[in-house]
Every structure is written in structure tokens, then in C-alpha cells.
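Residues 5 to 183 (my numbering) are what the sequence shown spells out, left to right. Glycine is no exception: its CB is placed at the ideal position from the N, C-alpha and C atoms. Notes follow once the structure below has been shown.
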Amino acid sequence: MKKLLILIVLVLIAGFGYYAISPLFDVQEVDDALPEVASGVEKLTPVQKEEMDALIVEANKEPIVEMEEVMPEMISVSKAFPVMGTFGHPASGSVRVIKSSGETILRFEDFETINGPNLHLYLSKDLEAEDFIDLGAIRGTKGNINYTVPEGVDLSEYRYVMYWCVPFSVLFNYAEIYE
5 MKKLLILIVL VLIAGFGYYA ISPLFDVQEV DDALPEVASG VEKLTPVQKE
55 EMDALIVEAN KEPIVEMEEV MPEMISVSKA FPVMGTFGHP ASGSVRVIKS
105 SGETILRFED FETINGPNLH LYLSKDLEAE DFIDLGAIRG TKGNINYTVP
155 EGVDLSEYRY VMYWCVPFSV LFNYAEIYE
């Protein structure tokens with residue numbers, strides 16, 4: 005009976021160990037493109053570019069008329085905020101905040117970290133994740149990764165972007181963002 009109990013405990017420990025350690029060796033590489041700045045312009049053929057140049061020359065001959073319409077929102081890119089690893093969870097890279105067409109994107113660039121069980125991306129007011137917004141499961145552990153911030157979230161209230169291990173409530177890495 006004692007041997008059976010020891011065997012059951014060993015199997016449970018092995019199962020837990022596999023669950024906790026196996027993600028460390030699972031690298032998920034992602035290479036998201038930057039959000040479109042001027043969609044379509046780069047895709048013109050040489051003939052189309054010549055036609056566009058001719059239209060611009062003609063338009064420059066017209067008198068300047070002040071328009072009352074508001075110009076469309078331009079893309080805004082923050083400076084790069086460094087990603088900081090924690091003890092036992094090294095990380096490197098940076099995070100930028102990109103705002104374009106009313107959408108806010110958190111972009112991890114040249115990012116690399118180790119994986120873990122059930123990692124989520126949090127926006128948090130503190131490093132203990134007491135007041136946070138869960139942006140969902142991580143999409144990758146290496147590369148250039150874009151995450152869309154839900155509409156209505158005020159990033160000035162959330163200073164930290166964090167990779168958070170949900171089952172163990174452990175901070176893997178973070179970047180402090182401020183504008």
C-alpha cells in the first residue's frame with residue numbers, strides 16, 4: 005500500500021513538473037507587420053506613379069483653397085520602452101504604443117522571452133497585477149508582436165504591460181509605458 009501511495013505521488017509530481025517546465029522549451033516566433041501607414045501607395049506600378057506625379061503637378065497649378073474638413077488622423081508611434089525580465093524569466097526587446105485610425109496597438113519589437121504555463125498579456129497599474137486588464141493569451145515568445153488595446157482603455161492609467169503566468173500569479177516580464 006505504501007509503495008502504491010509513493011507511486012501515485014511520483015506520478016503527480018512528474019505530471020506537475022511536465023506542466024510547469026515543458027512550456028519553457030516551446031518558442032513561439034511571431035513576425036507581425038507594422039500597421040499600414042499609407043496603404044496602397046507603395047503598390048503602384050511605374051505607370052501609375054507617373055500618372056500620379058502628373059496629377060500632382062496639375063493640382064499644384066490650382067489656387068490653394070482652405071478646407072473646413074478635418075485632416076484624417078496620422079499615425080503616432082511612441083518611443084521604445086525597454087522590456088525588463090524578472091528573476092528566472094529573462095526577456096529582451098522593447099514595446100511601442102502605436103495609434104492609428106482610432107486604434108491603439110502595443111507592439112513588441114525584437115522581443116524574446118521564455119514561455120510558461122498559461123501566459124497572458126496584462127495592462128496593469130502595478131507590478132503585482134492587483135488592478136489590470138487582461139488582453140488575453142500571449143501570441144508569441146519571440147519576434148515582433150502586435151496586440152490591439154480594447155477601445156476605451158486609457159493607457160495613461162495603466163503604466164505596465166506584462167507577461168503574466170495566470171496559474172501561478174507570477175510576473176514573467178514587463179515594460180513600463182508612459183506618454
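task = Count the C-beta pairs between the stretch 127-134 and the stretch 95-102 that are closer than 8 angstroms, then say yes if the count reaches three, no if not.
result = Short answer: they don't touch.
ask   = How big is the Cα-Cα spacing for residue 151 and residue 12?
value = The sequence position of residue 151 within the sequence shown is 147, counting from 1. The sequence position of residue 12 within the sequence shown is 8, counting from 1. So the alpha carbons of these two residues sit roughly 42 angstroms apart.
task = Answer yes or no: do residue 153 and residue 110 have a C-beta to C-beta separation smaller than 8 angstroms?
result = Translated into positions along the sequence shown, residue 153 becomes position 149. Translated into positions along the sequence shown, residue 110 becomes position 106. Contact: yes.
Alpha-carbon spacing of residue 66 relative to residue 57, whole angstroms = The residue given as residue 66 occupies position 62 in the sequence shown. The residue given as residue 57 occupies position 53 in the sequence shown. Cα atoms of residue 66 and residue 57: separation of roughly 15 angstroms, rounded to the nearest angstrom.
query = For the candidate residues 160, 136, 116 and 138, whose alpha-carbon lies nearest to that of residue 147?
reply = Sequence index remark: in the sequence shown, residue 147 carries index 143 (1-based). Nearest to residue 147 by alpha-carbon distance, out of 160, 136, 116 and 138, is 116.
query = Could you give the residue range of the alpha helix (DSSP H) that holds residue 57?
reply = The sequence position of residue 57 within the sequence shown is 53, counting from 1. Looking at the DSSP string, the run of the alpha helix (DSSP H) that includes residue 57 is 50-65.
task = Would you list the one or two residues that DSSP bridges to residue 109?
result = Position 105 of the sequence shown, counted from the start, is the residue given in the question as residue 109. Answer by DSSP bridge pairing, in chain order: 102 and 152.
CB contact flag (residue 178, residue 157, <8 angstroms) = Position 174 of the sequence shown, counted from the first residue, corresponds to residue 178. Position 153 of the sequence shown, counted from the first residue, corresponds to residue 157. Cβ distance not < 8 angstroms, so residue 178 and residue 157 don't count as in contact.
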